[in-house]
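Step one of this worksheet: look at the structure below.
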Amino acid sequence: MLAILFSVLVGLLNPFTQVQKSQDAQTKQNLEQLKSALDTYYNDNLCYPNTLPFGESLQSGNNVYIENIPQGINCDPSTGKNCIRYETDGSPCPKWYILFAQINSSSIPSPTSNQNQSADFSQSLACPLIAKNNCLPNNYYSGAYNVYNSCATGGTVDCSYVSSNPMPDYVSAPPITPESNCEKDFACTGGPPARCNVVSPAGTGTYCSADCDGQC
Numbered sequence: 223m224l225a226i227l228f229s230v231l232v233g234l235l236n237p238f239t240q241v242q243k244s245q246d247a248q249t250k251q252n253l254e255q256l257k258s259a260l261d262t263y264y265n266d267n268l269c270y271p272n273t274l275p276f277g278e279s280l281q282s283g284n285n286v287y288i289e290n291i292p293q294g295i296n297c298d299p300s301t302g303k304n305c306i307r308y309e310t311d312g313s314p315c316p317k318w319y320i321l322f323a324q325i326n327s328s329s330i331p332s333p334t335s336n337q338n339q340s341a342d343f344s345q346s347l348a349c350p351l352i353a354k355n356n357c358l359p360n361n362y363y364s365g366a367y368n369v370y371n372s373c374a375t376g377g378t379v380d381c382s383y384v385s386s387n388p389m390p391d392y393v394s395a396p397p398i399t400p401e402s403n404c405e406k407d408f409a410c411t412g413g414p415p416a417r418c419n420v421v422s423p424a425g426t427g428t429y430c431s432a433d434c435d436g437q438c
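Take a look at the structure:
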């Protein structure tokens with residue numbers, strides 16, 4: 223009994239465990255917010271978006287469904303590592319979607335295959351697709367993808383399509399490139415990022431590139 227109480231106390235006081243729990247809670251909240259935005263998008267457009275520009279807003283016309291699409295805890299946009307992944311049927315007007323994410327608590331087991339997984343095991347992974355037969359990407363348990371143990375879905379997922387394709391690529395928002403047009407009487411000050419301020423005499427100064435060089 224004392225050993226059990228000690229283990230519980232260590233878990234409560236372990237800062238690493240607390241960080242993981244906090245990250246897991248944030249991941250679940252991100253998925254819920256994104257799922258709500260996607261479902262509202264579908265109600266307005268009768269389609270889900272083909273892709274999600276993670277890190278940017280989801281909008282259609284004048285309607286903004288979410289200001290900043292969450293990329294995932296510890297997401298590295300340059301490689302896609304630890305990033306949320308979005309899958310649809312690939313059609314011009316998708317009728318279903320899957321959001322793949324990661325729950326990193328040490329209490330969640332690491333599966334080694336997608337064969338004969340139990341219902342209890344599938345619930346611990348917080349991904350409803352694992353409880354179905356052949357309803358996961360064909361490399362879901364391999365290499366870098368075996369950490370994607372959480373997901374959210376919308377619409378009626380086509381399991382045959384999902385199981386015959388690999389995990390979807392991560393699509394990040396396009397990088398913001400500095401303005402390259404030169405406009406006289408302005409110069410770069412401050413930064414990064416650079417800001418343009420009026421300077422004198424007329425005709426002098428620089429344009430605002432990333433490193434604030436280049437004469438007008």
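The opening residue of the sequence shown carries number 223 in this note's numbering; numbering runs sequentially from there. Every residue, glycine too, gets a C-beta built ideally from N, C-alpha and C.
Problem - Own chain residues within Cβ distance below 7 Å of residue 263, not counting five before or after - result: 270, 271, 280, 282, 287
Exercise for the section: Could you round the C-beta distance between residue 383 and residue 370 to whole angstroms and report it? I think they count as a contact, below 8 Å. Expected result: That pair is no contact at about 17 Å.
Practice task
Could you check if residue 365 is buried or exposed, using at least 16 other CB atoms within 10 Å of its CB as the buried criterion?
Solution key: exposed
Handout entry: At least three beta-carbon pairs within less than 8 Å, the stretch 288 to 296 to the stretch 310 to 317
Key = no
Exercise for the section: Could you tell me whether the Cβ atoms of residue 246 and residue 326 are closer together than 8 Å? Expected result: yes
Practice task
Answer with buried or exposed for residue 304, where buried requires no fewer than 16 other C-beta atoms within 10 angstroms of its C-beta.
Solution key: buried
Exercise for the section: Look at the Cβ atom of residue 350, then the Cβ atom of residue 387, and state whether they are nearer than 8 Å. Expected result: Between residue 350 and residue 387, the C-beta gap is not smaller than 8 Å, which leaves the two residues out of contact.
Practice task
In the DSSP assignment, find the beta strand (DSSP E) that holds residue 382 and state where it starts and stops.
Solution key: Segment 381 to 385 is the alpha helix (DSSP H) holding residue 382; no beta strand (DSSP E) there.
Practice task
Could you give the DSSP three-state label for residue 324: helix, strand or coil?
Solution key: coil
Problem - Own chain, CB closer than 6 Å to residue 259, minus 5 neighbours either side, in chain order - result: 280, 287, 288
Practice task
State the Cα-Cα distance for the pair residue 255 and residue 393, rounded to the nearest angstrom.
Solution key: 19 Å
Handout entry: CA-to-CA distance, residue 302 to residue 239, given in whole angstroms
Key = In a straight line, the C-alpha of residue 239 is about 24 Å away from that of residue 302.
Problem - Under the three-state DSSP convention, the category residue 288 falls into - result: Note: residue 288 maps to strand in three-state DSSP.
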